[in-house]
Amino acid sequence: MDFKEKFAPITKGLLEFLVLKIIAADKVYVPDILQQLSETEFATQEGTLYPLLSKMRREELVDYEWKESESGPPRKYYELTAKGRAQLRETMEFWQQINETVKKLGKP
Amino acid sequence: MNRVITINLNGVAYQLEESGYEALRAYLDHAARSLEGNPDKDEILADIEQAIADKFRALLGTHKTVVITREVSEVIAQMGPVQGDSGAATEAAAGAKPAGGAQAASDAGTSRPGTRRLYKISDGAMLAGVCNGLSAYLNVDVSFIRVGFALLTVVWGMGLLAYILLAFILPEARTSEEKAAASGAAATAEEFIRRAKAGYYEGMKTFHDRQAHREWKRKFRQEMRGWKYGFRRQMQENASQWQQNWGQTGAPHPGGWAGMGFTMMLLRWVKLLCLALAFYAIYSLVTHGGVFGMFLPVDIPVWVGVVAVLIAYQFVTWPIKVLRYSWYYRGGMGWGCGIHSGPLDGLVWLGFLVAMVWVADHYSPAFHAWLQDLPPFIHHTVDQLRAWWARR
């Protein structure tokens, strides 16, 4: 099993967190999100992202609005809800704790 | 020249090549299936279709109005397999469960490549699609399988029976997912790409060329007829020869008749029993993966087991055959001059030998090591011989 495969559950689990972070910065539509992720270890595809976004919307973390585009049909632009922001804050804190734990453990 | 199919993606028409359309439809079918039970299924599918439409639009222009198959495959690959999140429901219920775990678990269920299954495939089939299914299962060109069956039929008569048996046993691959499972892959984008590259859909296209198909069919029938006549003539010659021999050798020994007839009948019954056992073995191999309580090791595919049974059958009945022909040709012709003389039995033995070597190579490390050392050893020996020759 190669390294990437071994840590697939971690990257998958973190994806939701990162998507929250991206949407928090700006109103985005799916190609934007994919583009931002594409240069990272978390590169993903529509087939994964759309179901994830719909799940997050069901959990009321994100919402979207339709916007006209100059080329082609209207697009869905996603933004965070209040609940989404709260969750992002919590996750950030948890992530920092994890980071510190990783640094601290195993040191004399 | 390829046929073009017009599709409607979220209200906009796109023209795709036919095989590209097939791939896209299979992709969307699979997406719909993996989103089964998801409350937002329709919305996600609409989003996916929209994303595909956007990608198609980027490819097209005023002078390019058709999306070709390769482009469809590329777009599907970019989209990636649609992953159902049935985990979401259980996640909410379980509460404390870490979010990543449930998601990953449901993904593992949907995106793992499917195990290979033996199906009948009727697309481009000549009869029931057994050969087609086998060809997909073994990843071998279908012509080889057909010739193999034809040979088995003509030479041993087993091919036709095996075909009929398989035609009854095997389920038919109906959905595109089952068709994908027949060649051992999940209906993922990568798989469509691989197939498009391997020219899988090209075969389907030539099938639409009726003229070529008819021509091929005619040729196939002609060959089969040729084989049939040849076989019949041989049988007749044998029969007349047998009668001649019988007249010479059998007549002076009227007492031997009863004994010999009995032996012949016994031999025939033993052979029939072997045949029945072989059929039963193949049947239970295909349906349960094992014979008489012995199960194939996991890493050995079923077809190897079937071939092994066929070879074992030939191996077991070989002495019976030889005995029978030695009876027939007692009048001076000696052993092994029957219709199944030398070369074929040789082939059976060769096949058996190869199978034994293969099994030994797989399951005995010592033998494997020995086999690995063989080529250098031969090189070394040849070099030494050459040196010796040069010295002379």
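First to last, the protein sequences are chains A and B.
Numbering of the first sequence is given in the numbering used here, commencing with residue 194 and proceeding in unit increments.
Numbering of the second sequence is given in the numbering used here, commencing with residue 564 and proceeding in unit increments.
We treat Cβ as the ideally placed atom computed from N, Cα and C, and that holds for glycine.
- [ ] Check distances from the C-beta atoms of the stretch 586–608 of chain B to those of chain A and list, in chain order, the residues that come in under 8 angstroms.
- [x] A594, L598, N601, P602, D603, E606, I607
TODO: Just grab the DSSP bridge partners of B:I570 for me.
DONE: B:Y577
- [ ] Pick out whichever of B:L701, B:Q935, B:V693 has its Cα sitting closest to the Cα of B:A725.
- [x] B:V693
Open item on the list: Taking DSSP's pairing of strands, which residues face A:L273 in a bridge?
Closed with: Looking at the DSSP assignment, A:L273 forms a beta bridge with A:V255.
- [ ] Note down the Cα distance separating A:I203 from B:Y590, rounded to an integer number of angstroms.
- [x] 27 angstroms
Task: Span separating the alpha-carbon of B:S706 from that of A:V223 - done: 47 angstroms
Task: Nonlocal neighbours in the same chain, by C-beta distance under 8 angstroms from A:R278, ignoring five residues either side - done: A217
- [ ] Let me know if A:G265 comes out buried or exposed under the rule of 16 or more other beta-carbons within 10 Å of its beta-carbon.
- [x] exposed
Open item on the list: Strictly below 7 angstroms CB to CB, what residues from chain A border B:Q641?
Closed with: Q238
- [ ] In the DSSP assignment, find the unbroken alpha helix (DSSP H) run with B:G624 in it and report its ends.
- [x] Where B:G624 is concerned, there is no enclosing alpha helix (DSSP H), given that its DSSP letter is neither H nor E.
TODO: Give a yes or no on whether the minimum CB-CB distance between B:I611 and chain A is below 8 angstroms.
DONE: yes
Task: Beta-bridge pairing of A:R268 - partner residues as DSSP gives them - done: A:K260
Open item on the list: Run through the DSSP bridge pairs and tell me what B:V630 is partnered with.
Closed with: As DSSP reads the structure, B:V630 sits in a beta bridge with B:L579.
Open item on the list: Give me the chain C residues within the contact set of A:S247, using Cβ-Cβ distance strictly less than 7 angstroms, ordered along the chain.
Closed with: The structure shown contains no chain C; its protein chains are A and B.
- [ ] Could you list which residues in chain B have their beta carbon closer than 7 angstroms to that of A:T241, in chain order?
- [x] Within chain B, the residues whose beta carbon sits less than 7 angstroms from that of A:T241 are G643, Q646, listed in sequence order.
Open item on the list: In this structure, how does DSSP classify B:E735 when only helix, strand and coil are distinguished?
Closed with: strand
Open item on the list: Check this for me: beta carbons of A:E148 and A:Y270, under 8 angstroms apart or not?
Closed with: The structure shown does not extend to residue 148 of chain A, since chain A spans only 194 to 301, so no value can be given for it.
Task: Reference B:A691; option with closest CA among B:R680, B:V703, B:A736, B:N573 - done: Answer by Cα proximity: B:A736.
TODO: Determine, using beta carbons only, whether A:R251 comes closer than 8 angstroms to chain B.
DONE: yes
- [ ] Could you tell me which chain B residues have their CB closer than 8 angstroms to the CB of A:V223, listed as they occur along the chain?
- [x] D610, A614
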